[in-house]
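Input: a single structure, listed below in structure tokens.
Residue numbers (the working numbering), protein chains in the order written: chain C, 1 to 147; chain H, 1001 to 1247.
So this is what it looks like as structure tokens:
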């Protein structure tokens, strides 16, 4: 693995940790939340490198974050939201929205629309992957209760 | 009893809990204290709750929720407390006492939160391709943004205005620094700092509420997330435009 990738993952981890402190998470949970950010961003970058498919990478990144959070939520017996919220922050299309605005202000309307559409698609993709995981987690729990 | 459940629900909802979690907690609290017949309806802005006792007397309680913030630790600790009522054999008074202690507990003092806001912003700036110079400026702006955010929140500005002003401030300082320091990538700095404003909690709650079948809350949260995003875009966009007009 090249150092660029590793340093990016490290930055994502520390950035997520800062966000987690802002959301009042503490103790061991803080560490694991930050790792969630690393997992999301790391898998996103790896998949993006291999396939060059933006939405697929976002999907897999968010999927792994929510899966990781479901598992941790069961272990720590805390709401899953604690981990998901901070873990997906690096994937949220804040940068795309900013670039769209900046293009629009410079008069490049078509570019701005393309970026806005992209931001919307990314947000939708993140939503779908969280929805998929939480749905399957519910089904899984139902099955476990019945058995 | 209804009051106790409503208070618990209020704390969880104001800390950023999903509505179906809040409803679950209400039912849990009432059941643990022996009231099996409970109906609750929770939206992001209000709690409605009726409790029946053995003689079919109804107690109803309605609570309007105005302010909401993010305190995920509070949600976790209150959920745990509700789970433990039976096993620790708490009386309603004891429970109420413990709940109030938890409700007042803040995890990090303001300076720590502000500092970590700066750290978060600066590392996100690096993450999106900034240099170490950008890192320093983003750290500074991140601190300012968190402080400014708290200040506006205390002054009861609405959520749209808060995010728009914070976004505008971030662009302004970044551009301002860019005119004095050569080679700054102002876009990376701004992106790093607006990651602090991004509505992560609203997005996640919107999806989880919708998936749990709570369509009203899901839609409400989605609109909240959408409006925050629009506010950030509007704030940064108008500040950029002003900047281009004057320079």
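Ideal Cβ placement from N, Cα and C applies to all residues, glycine included.
Quick caveat: nothing in here was measured; it's all calculated off a predicted structure.
Cβ neighbour criterion (16 or more within 10 Å) applied to residue i
i	result
residue 1062 of chain H	exposed
residue 1210 of chain H	buried
residue 28 of chain C	exposed
residue 1003 of chain H	exposed
residue 1086 of chain H	exposed
residue 1045 of chain H	exposed
residue 1038 of chain H	buried
residue 1240 of chain H	buried
residue 1244 of chain H	exposed
residue 53 of chain C	exposed
residue 1091 of chain H	exposed
residue 84 of chain C	buried
residue 1124 of chain H	buried
residue 143 of chain C	exposed
residue 1247 of chain H	exposed
residue 1095 of chain H	buried
residue 147 of chain C	exposed
residue 116 of chain C	buried
residue 1109 of chain H	exposed
residue 1213 of chain H	exposed
residue 1135 of chain H	buried
Alpha carbon of residue i to alpha carbon of residue j, nearest angstrom
i	j	result
residue 1084 of chain H	residue 38 of chain C	33 Å
residue 132 of chain C	residue 63 of chain C	8 Å
residue 20 of chain C	residue 98 of chain C	23 Å
residue 1140 of chain H	residue 1150 of chain H	16 Å
residue 1137 of chain H	residue 45 of chain C	26 Å
residue 1030 of chain H	residue 1154 of chain H	34 Å
residue 1005 of chain H	residue 43 of chain C	42 Å
residue 148 of chain C	residue 1131 of chain H	Any answer about residue 148 of chain C is impossible in this case: the structure gives chain C only from 1 up to 147.
residue 1001 of chain H	residue 1024 of chain H	16 Å
residue 1157 of chain H	residue 1117 of chain H	20 Å
residue 2 of chain C	residue 1192 of chain H	23 Å
residue 1007 of chain H	residue 1074 of chain H	13 Å
residue 1088 of chain H	residue 1107 of chain H	24 Å
residue 1026 of chain H	residue 1182 of chain H	57 Å
residue 1064 of chain H	residue 1047 of chain H	7 Å
residue 1058 of chain H	residue 1050 of chain H	7 Å
residue 1252 of chain H	residue 1082 of chain H	As shown, chain H starts at 1001 and ends at 1247. That puts residue 1252 of chain H outside it, with no answer to give.
residue 50 of chain C	residue 56 of chain C	11 Å
residue 1171 of chain H	residue 1105 of chain H	35 Å
residue 41 of chain C	residue 13 of chain C	9 Å
residue 18 of chain C	residue 101 of chain C	26 Å
residue 1054 of chain H	residue 69 of chain C	41 Å
residue 1175 of chain H	residue 1234 of chain H	17 Å
residue 1097 of chain H	residue 60 of chain C	44 Å
residue 103 of chain C	residue 1147 of chain H	29 Å
residue 1161 of chain H	residue 1032 of chain H	42 Å
residue 177 of chain C	residue 114 of chain C	As displayed, chain C neither begins before 1 nor continues past 147, which places residue 177 of chain C out of reach and without an answer.
residue 1101 of chain H	residue 1093 of chain H	13 Å
Residue nearest to residue i in terms of C-alpha spacing, selected from the options
i	options	result
residue 92 of chain C	C:101, C:120, C:30, C:51	C:120
residue 82 of chain C	C:2, C:32, C:8, C:142	C:32
residue 73 of chain C	C:30, C:122, C:46	C:30
residue 1129 of chain H	H:1185, H:1021, H:1136, H:1011	H:1185
residue 36 of chain C	C:16, C:54, C:60, C:55	C:16
residue 1226 of chain H	C:40, C:48, C:123	C:123
residue 1159 of chain H	H:1097, H:1050, H:1232, H:1054	H:1232
residue 1230 of chain H	C:96, C:14, C:71	C:96
residue 1126 of chain H	H:1195, H:1011, H:1020	H:1195
residue 130 of chain C	C:41, C:55, C:67	C:67
residue 138 of chain C	C:118, C:85, C:80	C:80
residue 1143 of chain H	H:1181, H:1053, H:1102, H:1189	H:1189
residue 88 of chain C	H:1057, H:1164, H:1205	H:1205
residue 10 of chain C	H:1119, H:1049, H:1060	H:1119
residue 1035 of chain H	H:1052, H:1221, H:1161	H:1052
residue 1177 of chain H	H:1028, H:1145, H:1133	H:1133
residue 1216 of chain H	H:1146, H:1042, H:1203	H:1042
residue 1207 of chain H	C:102, C:134, C:69, C:112	C:134
residue 1079 of chain H	H:1033, H:1121, H:1011	H:1011
residue 1203 of chain H	C:140, C:136, C:128, C:141	C:128
residue 141 of chain C	C:118, C:103, C:71	C:71
residue 1164 of chain H	H:1040, H:1145, H:1220	H:1145
Residues that residue i bridges to, as DSSP identifies them
i	result
residue 972 of chain H	Only positions 1001 to 1247 of chain H appear in this structure, which leaves residue 972 of chain H out of reach.
residue 1059 of chain H	H:1051
residue 1064 of chain H	H:1046
Sufficient close CB pairs (3 or more, under 8 Å) joining the stretch 1007-1025 of chain H to the stretch 1058-1078 of chain H: As far as the Cβ criterion goes, the stretch 1007-1025 of chain H touches the stretch 1058-1078 of chain H, which means the pair count is three or higher.
Interface residues of the stretch 1217-1234 of chain H facing chain D [CB-CB below 7 Å]: Structure shown: chain D not included; protein chains present are C and H.
Segment contact, 8 Å Cβ cut-off, at least three pairs: the stretch 1103-1113 of chain H with the stretch 10-27 of chain C: As far as the Cβ criterion goes, the stretch 1103-1113 of chain H touches the stretch 10-27 of chain C, which means the pair count is three or higher.
contact_flag[the stretch 1193-1213 of chain H, the stretch 104-118 of chain C] where n(CB pairs < 8 Å) is 3 or more: Here the stretch 1193-1213 of chain H does not lie against the stretch 104-118 of chain C, with fewer than 3 beta-carbon pairs under 8 Å apart.
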